[in-house]
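Residue numbers (the UniProt record's numbering): 1 to 288. As structure tokens, the structure follows; a few thoughts come after it.
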Amino acid sequence: VADIICPEKKSDFCKISLSHQTIARRIEEIAKSIEKSLESQCATFNFYSIALDESTDATDTAQLAIFIRAMVGKKEGLTKLIENDAKKMDNLRFMKYHCIIHQENLCATTLKMENILNVVIKTINFIRSKGLNHRQFQEFLNTLETSYGDIVYFTAVRWLSRGKMLKRFYDLRNEIKCFMDSKGKPVPELVNENWLADLSFLVDITAHLNELNMRLQGENQLINFMFQAVTAFEIKLKLWQSQTKNNNLMHFETLSQQSHVNNEKYAALIAILSLEFENRIQDFRKHQ
Numbered sequence: 001v002a003d004i005i006c007p008e009k010k011s012d013f014c015k016i017s018l019s020h021q022t023i024a025r026r027i028e029e030i031a032k033s034i035e036k037s038l039e040s041q042c043a044t045f046n047f048y049s050i051a052l053d054e055s056t057d058a059t060d061t062a063q064l065a066i067f068i069r070a071m072v073g074k075k076e077g078l079t080k081l082i083e084n085d086a087k088k089m090d091n092l093r094f095m096k097y098h099c100i101i102h103q104e105n106l107c108a109t110t111l112k113m114e115n116i117l118n119v120v121i122k123t124i125n126f127i128r129s130k131g132l133n134h135r136q137f138q139e140f141l142n143t144l145e146t147s148y149g150d151i152v153y154f155t156a157v158r159w160l161s162r163g164k165m166l167k168r169f170y171d172l173r174n175e176i177k178c179f180m181d182s183k184g185k186p187v188p189e190l191v192n193e194n195w196l197a198d199l200s201f202l203v204d205i206t207a208h209l210n211e212l213n214m215r216l217q218g219e220n221q222l223i224n225f226m227f228q229a230v231t232a233f234e235i236k237l238k239l240w241q242s243q244t245k246n247n248n249l250m251h252f253e254t255l256s257q258q259s260h261v262n263n264e265k266y267a268a269l270i271a272i273l274s275l276e277f278e279n280r281i282q283d284f285r286k287h288q
């Protein structure tokens with residue numbers, strides 16, 4: 001390449017060290033230069049916000065991406081500035097809404113079942129965060145010829161991943177128990193009937209929430225259709241609450257497989273979820 005682009009500098013290029021340490025150091029220097037440049041530019045911005053996206057790469061290493069995105073804010077954000085301009089043009093019916101998909105995800109967090117999620121996430125992290133454990137677990141599943149070849153990581157910014165993670169964990173609960181026991185890291189919750197019932201409920205209700213989330217996504221989605229989907233889900237929640245209280249678990253397939261089910265407990269959790277939906281979409285009801 002040097003022969004073609006700048007042959008007169010060929011000897012200089014030959015003197016450049018291409019060891020992996022040098023390449024790594026120069027990448028770090030470039031990154032620091034970009035960071036300093038970004039910091040100096042940010043100091044001149046009037047409005048901006050930070051967006052974070054966490055995921056994992058092919059080696060199961062957590063990576064955090066930081067973006068600077070459109071300005072937001074209640075008093076000086078983009079929406080407020082547009083609203084002010086609308087008022088100057090005598091448009092007093094300017095309507096603004098909090099993202100309905102985000103609202104739906106926030107509703108899902110009200111279940112407060114950390115006793116389930118913490119155990120599941122801790123167990124999955126033990127298996128997947130270390131390359132050796134992860135490979136051994138995959139080989140273990142392959143030996144047993146299970147339907148799945150791996151478990152799923154949970155990433156908070158990927159809302160749908162929670163449902164997939166819980167479902168896969170439940171389906172592989174026996175295999176996970178055997179593997180963790182073999183590693184000297186037993187998970188006593190996996191033989192606790194009450195805990196398994198809670199896990200089953202969370203698997204089912206999260207699946208329903210994911211289904212709603214998918215309905216709210218896609219192209220050509222009008223706000224009135226999205227609002228109708230949410231209100232229809234609210235009606236379902238009230239129905240499920242009544243059915244669960246009366247020991248009718250036809251819409252909770254995983255939970256129905258458990259022998260010890262506290263119907264009153266799960267009916268109460270559904271009621272909490274229903275109330276949260278009712279409170280969070282008040283902005284939409286105002287313009288109904």
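Think of the CB as a built atom: it goes at the ideal place given N, C-alpha and C, for glycine as much as any other residue.
- Query: Are the CB atoms of Phe140 and Ile127 nearer to each other than 7 Å?
  - Reply: The residue you call residue 140 lines up with position 140 of the sequence shown. The residue you call residue 127 lines up with position 127 of the sequence shown. Their beta carbons are not under 7 Å apart, which means Phe140 does not touch Ile127 by this criterion.
- Query: Closest by CA to Glu145, which one among Leu172, Ala268 and Trp195?
  - Reply: Taking the first residue of the sequence shown as 1, we reach residue 145 at position 145. Residue Leu172 is the option with its Cα nearest to Glu145.
- How would you label Tyr266, buried or exposed, when you count the other beta carbons within 10 angstroms and need 16 or more for buried? To locate residue 266, count along the sequence shown from 1; it is residue 266. Label assigned to Tyr266: buried.
- Message: To the nearest angstrom, how far is the alpha carbon of Trp240 from that of Ile101?
- Response: Taking the sequence shown and counting its residues from 1, one reaches residue 240 at position 240. Taking the sequence shown and counting its residues from 1, one reaches residue 101 at position 101. Roughly 22 Å separates the two Cα atoms.
- Going by Cα to Cα distance, which pick from Glu211, Gly149 and Val261 is closest to Asn105? Translated into positions along the sequence shown, residue 105 becomes position 105. Out of Glu211, Gly149 and Val261, Glu211 has the C-alpha closest to the C-alpha of Asn105.
- Quick one, which of Leu117, Thr143 and Phe45 has its alpha-carbon nearest Leu190's? Working through the sequence shown from its first residue, we reach residue 190 at position 190. Nearest C-alpha to Leu190: Leu117.
- Nonlocal neighbours in the same chain, by C-beta distance under 6 Å from Ile124, ignoring five residues either side: In the sequence shown, the residue the question calls residue 124 occupies position 124. Once the five neighbours on either side are set aside, the close Cβ partners of Ile124 are Ile151.
- Task: Use the C-beta contact count for Gln21: other C-beta atoms within 10 angstroms, 16 or more gives buried, fewer gives exposed.
- Result: One-based indexing of the sequence shown puts residue 21 at position 21. Result: exposed.
- Item | C-beta atoms of Tyr170 and Val119 nearer than 7 Å | Start at 1 with the first residue of the sequence shown, and residue 170 comes out as number 170. Start at 1 with the first residue of the sequence shown, and residue 119 comes out as number 119. No.
- Task: Starting from the Cα of Glu175, find the closest Cα among Tyr153, Thr143 and Ile205 and give me that residue.
- Result: Taking the sequence shown and counting its residues from 1, the one referred to as residue 175 is at position 175. When only C-alpha atoms are compared, the closest one is Thr143.
- Message: Please report the distance separating the alpha-carbon of Ala108 from that of Asn246.
- Response: By 1-based counting over the sequence shown, the position of residue 108 is 108. By 1-based counting over the sequence shown, the position of residue 246 is 246. Taking the straight line from one Cα to the other gives about 23 Å.
- Query: Given a threshold of 16 other Cβ atoms within 10 Å of its Cβ, counted over all protein chains shown, does Leu273 qualify as buried or as exposed?
  - Reply: Start at 1 with the first residue of the sequence shown, and residue 273 comes out as number 273. Classification of Leu273: buried, given that the 10 Å Cβ count is 16 or more.
- Message: Considering only the alpha carbon of each residue, which of Ala271, His260, Met226 and Met250 lies closest to Phe284?
- Response: Working through the sequence shown from its first residue, we reach residue 284 at position 284. The shortest C-alpha separation from Phe284 is found at Met226.
- Leu269, DSSP secondary structure in three states: In the sequence shown, the residue the question calls residue 269 occupies position 269. Of the three classes helix, strand and coil, the one that applies to Leu269 here is helix, per DSSP.
- Which two residues bound the contiguous alpha helix (DSSP H) that contains Lys236? The sequence position of residue 236 within the sequence shown is 236, counting from 1. Unbroken alpha helix (DSSP H) run through Lys236: Ile223 to Lys245.
- My guess is that His260 and Asn194 are in contact by the Cβ rule of under 8 Å, so how many angstroms apart are they, rounded? On the sequence shown, position 260 is the one that residue 260 refers to. On the sequence shown, position 194 is the one that residue 194 refers to. With 8 Å as the limit, His260 and Asn194 qualify as a contact, their Cβ atoms being about 6 Å apart.
- Message: By alpha-carbon positions, which one of Ser182, Asn248 and Leu255 ends up nearest to Ala207?
- Response: Position 207 of the sequence shown, counted from the start, is the residue given in the question as residue 207. It is Leu255.
- Assuming residue 302 contacts Tyr148 under a Cβ cut-off of 8 Å, what Cβ separation, rounded to an integer in Å, is found between them? This structure leaves residue 302 out entirely; the chain is present only between 1 and 288.
- Query: At what residues does the alpha helix (DSSP H) containing Ala180 begin and finish?
  - Reply: Sequence index remark: in the sequence shown, residue 180 carries index 180 (1-based). First, the residue type needs correcting, since residue 180 is Met and not Ala in the sequence shown. Here the alpha helix (DSSP H) through Met180 covers Arg173 to Ser182.
- Query: Under three-state DSSP, which class holds Asp283?
  - Reply: Along the sequence shown, one-based indexing puts residue 283 at 283. In this structure, Asp283 counts as helix in the three-state DSSP scheme.
- Under 6 Å Cβ to Cβ from Gly163, same chain only, skipping five residues before and after it: list those, please. In the sequence shown, the residue the question calls residue 163 occupies position 163. Only Thr206, Ala207 and Asn210 meet the Cβ criterion.
- Query: Which of helix, strand or coil does DSSP assign to Ala207?
  - Reply: Along the sequence shown, one-based indexing puts residue 207 at 207. Here Ala207 sits in helix by DSSP.
- Message: On the DSSP letters alone, give me the boundaries of the alpha helix (DSSP H) that Gly131 sits inside.
- Response: Indexing the sequence shown from 1 puts residue 131 at position 131. Segment Gly131 to Leu144, the alpha helix (DSSP H) holding Gly131.
- Task: Verify whether the separation of the beta carbon atoms of Glu234 and Phe201 is less than 7 Å.
- Result: If you number the sequence shown from 1, residue 234 lands on position 234. If you number the sequence shown from 1, residue 201 lands on position 201. No, these two residues do not count as a Cβ contact at 7 Å.
- Query: In chain order, what residues of the same chain lie with their CB nearer than 7 Å to the CB of Ile270, ignoring the 5 residues before and after it?
  - Reply: If you number the sequence shown from 1, residue 270 lands on position 270. The residues are Leu237, Trp240, Gln241 and Thr244.
- Which of helix, strand or coil does DSSP assign to Ser21? For the purposes of this step, residue 21 is identified with residue 21 of the sequence shown, where counting begins at 1. First, the amino acid is wrong: residue 21 is Gln here, not Ser. Gln21: helix per DSSP, three-state reduction.
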